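Residue numbers (our numbering): -11 to 590. All residues carry an ideal CB built from backbone N, CA and C; glycine is no exception. The model shown is predicted, which means the values in this text are computed figures rather than measured ones. First comes the structure, then the notes that go with it.
So this is what it looks like as structure tokens:
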């Protein structure tokens, strides 16, 4: 049996975020070999990659110019999410900060086709709203042109084929967006998707003729479908129906009409490639031959004969693959290190469903360690995803694999409110129904109690962000079920969270959780901080000092209240992190402490 400490598992690397160079000869990607994601390039499958950036902070994306041997990449500072945009010339190593507004966020919107200009949205003018900007590739700082003043959450989806327009999406909540086309010269914005109620419009791409957009939407169904939006008539036509599952996204090459779209089937990605033979008709190619897991981030080569993407699985770390569009044949280009841990020791989960209080079946991934004997001796960590508009999918988890290698089982439920199972399922935890999702956790523990492998007295709950709230809520609503809890950057008090979260996020968060003006009393009633008298299990709280989403005060107040009650509690705050831990040294310190905590109490 192989034995490696948590530090070794945290040194498992990942490669993701691929982008083809304009000559098609190289692929850039992000890899965390140095401890945080940096830009690397590769000229061929399995060749030795070359590191191109050398920062202590994480790089968040990198995109090749369509015409020049240069990239544009994003980077924030200390996890503050105020991303700045930089230009990198790989041949010389020259890097230029193009934005120079460290107090503002900058969301990448794409290169113009000639590579002379790029677009982005930013909250420079006012923290709570995002405007649309266009900037020359060699301009810096204040030289960006503000082409549209927004009054909400705007993101740019790319330039039209003739480079005179931008597609812009406005988000009102995770489940409600609108699509616009912005004339860059005049600043006129055309609203294409007026609607009542909540409708998702996502993954918007320009059609080859510039007269239509391709996107995924649930306007007329419970799940997302691939559709075409006609710019002249605003008519929406379904191109590919997702059926019972969501079409997650689409990538389209404007020159050839070739496209790749993905379906999320019980968390696993099904990838499909094709070619538009008419505006609403798709000729299919053989499905890409890829490992079963989670795939995305498609980047076409300049000739669209190949595309690069990221693939990960529960039992293998993320790597970049390149796929032949017409045949589906694939080749893994990167070899992200597993830190000397044999891949065959990584454990894949079983997909299970368990009944909950209202008769629904809740999907979950359940992984058992090789040491399990089936005689009720195995401790379990119930790991709850964040969001809540998110989904636990079968991707690689370093901490999870360490726990499995050291005798823990891991249970990962997709409780009500999770995405991936239709619009109706995702709304089952809205506002006054919030604690129904916590009841789904209780039902999951009851299912575990009946499992022959599980020791019912040794079940812990762990989660981050909204998952951290779920941890605290589970510990206070159902205190008898848990041996311990680990809260990472979690919400303890919905009122103080909404009052102090970043101004650009508050309106979107209120759409999910309830508003301070109308729902304050209810938000106070379900906040774990106000039910702390029920807390008995040992608690570990971890947070980043610079967290713009869930301010660090959420950690301080729950720790103080728990200590006042005499509950065993530990707090660990990282001064150079935000909403999660991006730096390797911090991750090692954080999860080494988590492992010690679990070993002591579970």
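Which residues in the same chain as residue i place their Cβ atom closer than 7 Å to its Cβ, once the five residues preceding and following it in sequence are excluded?
i: residue 437; result: 444
i: residue 76; result: 27, 40, 41, 58, 59, 61 and 83
i: residue 407; result: 377, 378, 379 and 414
i: residue 497; result: 486 and 489
i: residue 305; result: 0, 1, 2, 324, 326 and 384
With a threshold of 6 Å on Cβ separation, who are the neighbours of residue i within its own chain once the five nearest residues in sequence on each side are excluded?
i: residue 137; result: 119
i: residue 187; result: 207
i: residue 31; result: 14
i: residue 515; result: 481 and 482
i: residue 163; result: 186 and 188
i: residue 12; result: 289 and 290
Going by the beta-carbon positions, is the gap between residue i and residue j smaller than 7 Å?
i: residue 343; j: residue 402; result: no
i: residue 589; j: residue 480; result: no
i: residue 565; j: residue 67; result: yes
i: residue 211; j: residue 230; result: yes
i: residue 452; j: residue 477; result: yes
i: residue 92; j: residue 322; result: no
i: residue 447; j: residue 459; result: no
i: residue 98; j: residue 147; result: yes
i: residue 94; j: residue 106; result: no
i: residue 535; j: residue 441; result: no
i: residue 574; j: residue 562; result: yes
i: residue 1; j: residue 296; result: no
i: residue -6; j: residue 583; result: yes
i: residue 198; j: residue 150; result: yes
i: residue 311; j: residue 392; result: no
i: residue 285; j: residue 300; result: no
i: residue 47; j: residue 25; result: yes
Rounded to whole angstroms, what's the CA-CA distance from residue i to residue j? Just pull it up for me.
i: residue 209; j: residue 227; result: 14 Å
i: residue 114; j: residue 70; result: 14 Å
i: residue 597; j: residue 9; result: There is no way to answer for residue 597, as the model of the chain reaches only from -11 to 590.
i: residue 117; j: residue 309; result: 37 Å
i: residue 85; j: residue 416; result: 44 Å
i: residue 202; j: residue 88; result: 34 Å
i: residue 130; j: residue 192; result: 29 Å
i: residue 246; j: residue 180; result: 24 Å
i: residue 268; j: residue 531; result: 48 Å
i: residue 527; j: residue 555; result: 8 Å
i: residue 276; j: residue 382; result: 18 Å
i: residue -11; j: residue 17; result: With a pLDDT of 47 at residue -11, under the threshold of 50, the predicted position of this residue should be treated as unreliable, and no value is reported.
i: residue 488; j: residue 538; result: 8 Å
i: residue 368; j: residue 568; result: 23 Å
i: residue 64; j: residue 522; result: 39 Å
i: residue 430; j: residue 474; result: 17 Å
i: residue 397; j: residue 355; result: 6 Å
i: residue 580; j: residue 390; result: 11 Å
i: residue 102; j: residue -4; result: 45 Å
i: residue 418; j: residue 254; result: 22 Å
i: residue 341; j: residue 278; result: 26 Å
i: residue 45; j: residue 331; result: 29 Å
So residue i packs on residue j, CB below 8 Å; how close in whole Å?
i: residue 283; j: residue 250; result: 7 Å
i: residue 158; j: residue 171; result: Wrong, their Cβ atoms sit about 16 Å apart, outside the cutoff.
i: residue 547; j: residue 520; result: Actually they do not touch by this definition, with Cβ atoms about 10 Å apart.
i: residue 125; j: residue 104; result: 6 Å
i: residue 525; j: residue 463; result: 5 Å
Whose C-beta lies closer than 8 Å to the C-beta of residue i among residues of the same chain, with five residues either side of it excluded?
i: residue 152; result: 171, 172 and 173
* Completely contained beta strand (DSSP E) runs for the stretch 242 to 285, where each covers 3 or more residues -> Listed in chain order, the complete beta strand (DSSP E) runs (minimum 3 residues) inside the stretch 242 to 285 are 246 to 253, 256 to 266 and 269 to 272.
* Asked: Whole beta strand (DSSP E) runs in the stretch 27 to 72 with 3 or more residues, listed along the chain?
  -> Listed in chain order, the complete beta strand (DSSP E) runs (minimum 3 residues) inside the stretch 27 to 72 are 47 to 52 and 59 to 63.
* Pick out the complete alpha helix (DSSP H) segments inside the stretch 137 to 172, 4 residues or longer, and give them in chain order. => If we require 4 residues or more, the stretch 137 to 172 turns out to have no alpha helix (DSSP H) run fully inside it.
* **4 or more residues per run - each alpha helix (DSSP H) lying fully within the stretch 108 to 142** => Counting whole runs of 4 or more residues, the stretch 108 to 142 contains no alpha helix (DSSP H) stretch at all.
* Those runs of the beta strand (DSSP E) which lie wholly inside the stretch 365 to 417 and span at least 3 residues -> Fully contained in the stretch 365 to 417 are the following beta strand (DSSP E) runs of length 3 or more, in chain order: 366 to 372 and 397 to 401.
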